[in-house]
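Just so you know, we're using numbering that gives the first Met the number 0 here: the sequence shown kicks off at 0 and counts up by one.
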Amino acid sequence: MFRFSFSTLIGFCAGIGLLAFAVASATDNHVIFISLSSFGLVFGSTMAAALISYSTADVLHAMRSMLHTFFHPPTSQKHLKQVTRRFVEWSSIYRQGGIVALEQSLTKQENNDEFIRAGIDLMGAGYANHDIRTMLTDQMDATWQRQTLEGKVLNTMAVYSPGFGMVGTIVGLIIMLDNLNGDMAGLGKGLALALITTLYGVLLSNLFFKPAANQVTEKQETMYFRHQLISEGFVLLSEKRTALYMQDRLNAFIKPSVRDQALSGEL
0 MFRFSFSTLI GFCAGIGLLA FAVASATDNH VIFISLSSFG LVFGSTMAAA LISYSTADVL
60 HAMRSMLHTF FHPPTSQKHL KQVTRRFVEW SSIYRQGGIV ALEQSLTKQE NNDEFIRAGI
120 DLMGAGYANH DIRTMLTDQM DATWQRQTLE GKVLNTMAVY SPGFGMVGTI VGLIIMLDNL
180 NGDMAGLGKG LALALITTLY GVLLSNLFFK PAANQVTEKQ ETMYFRHQLI SEGFVLLSEK
240 RTALYMQDRL NAFIKPSVRD QALSGEL
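Below is the structure:
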């Protein structure tokens with residue numbers, strides 16, 4: 000159901016690759032840019048602040064959604080056209096065989112789709128078309144509220160991480176000033192810690208948290224649009240509209256260049 004996002008992979012690899020190229024062309028001592036203590040300070044403090052701001056479950060869901068940035072939900076125009084085609088098919092099936100025939104026509108993937116399953120269940124319960132629209136809209140809005148919270152958590156972490164990078168900078172400067180009396184090795188370590196934590200904080204914010212938050216929000220917007228199409232389709236099914244009427248109404252959700260040709264038949 001979900002497609003691998005090559006654009007996300009390319010962007011991620013390009014960001015890491017350009018950073019590695021900049022480091023490699025500037026110095027032969029690449030190890031100085033690796034500091035577990037600096038990363039632990041920035042990432043650990045960011046996670047701690049996020050856990051203070053949100054519930055543990057919300058933070059874990061947000062971190063899981065970062066992994067999902069490598070996958071696209073089924074929201075392309077091609078997919079929406081396929082959904083429209085299915086509703087056109089279902090209109091004939093439902094008018095001829097009722098809800099039982101409609102349920103039997105579902106594929107395994109469609110049966111596992113929570114929103115499609117909800118629409119089928121509401122029709123099977125015998126609700127009127129306006130009640131089906133209201134209940135599906137409520138479900139859409141509730142899902143939107145739950146899932147957009149993941150984007151808010153990631154945006155919050157994007158704000159926190161540079162700040163904790165600056166905290167590491169201050170810690171490093173304190174160490175450096177404490178060693179001004181003569182320990183040059185300690186002076187160098189303190190300065191390195193001061194700069195690397197800032198680097199890690201900015202990288203986490205701008206290469207991980209912010210892009211992930213933007214993509215989570217964009218995915219939820221496109222999924223909401225898909226759910227609007229499906230909701231309208233079930234309302235039309237409950238009204239027992241013809242295949243021609245169904246296609247013309249649902250084509251409004253699809254780009255003109257992608258739409259199927261108009262059907263012929265009764266309105």
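Backbone N, C-alpha and C define an ideal beta-carbon position, used for all residues, glycine too.
Restricting to Cα atoms, I'd like to know which of Y244, L236, G10 and D57 is closest to A127. L236
Looking only at its chain, what residues have a beta carbon closer than 7 Å to the beta carbon of S263, apart from the 5 residues adjacent to it on each side? Residue placement at S263 cannot be trusted, given a pLDDT of 43 that sits under 50; what the coordinates show is reported in the next sentence. Excluding residues within five positions, none has a Cβ falling inside 7 Å.
Tell me whether K239 is buried or exposed, calling it buried when 16 or more other Cβ atoms sit within 10 Å of its Cβ. exposed
Below 9 Å between beta carbons: does that hold for M222 and S90? no
Do you know how far the Cα of L192 is from the Cα of F11? 25 Å
Buried or exposed (CB count within 10 angstroms, at least 16 for buried), K107: exposed
Got a sec? Which residues, its chain only, sit under 6 Å from F207 by beta carbon, not counting five neighbours each side? none
Restricting to runs no shorter than 4 residues, where is the alpha helix (DSSP H) found entirely within the region 24-96? 35-52 and 55-66
Distance CB(Q103)-CB(K254) smaller than 9 Å: no
Other residues of its chain near A100: CB distance less than 8 Å, five sequence neighbours each side excluded: I92 and Y93
Own chain partners of E109 with C-beta closer than 7 Å, once the 5 adjacent residues on each side are dropped: I115
Between N205, L198 and L179, which has its C-alpha nearest A157's C-alpha? N205
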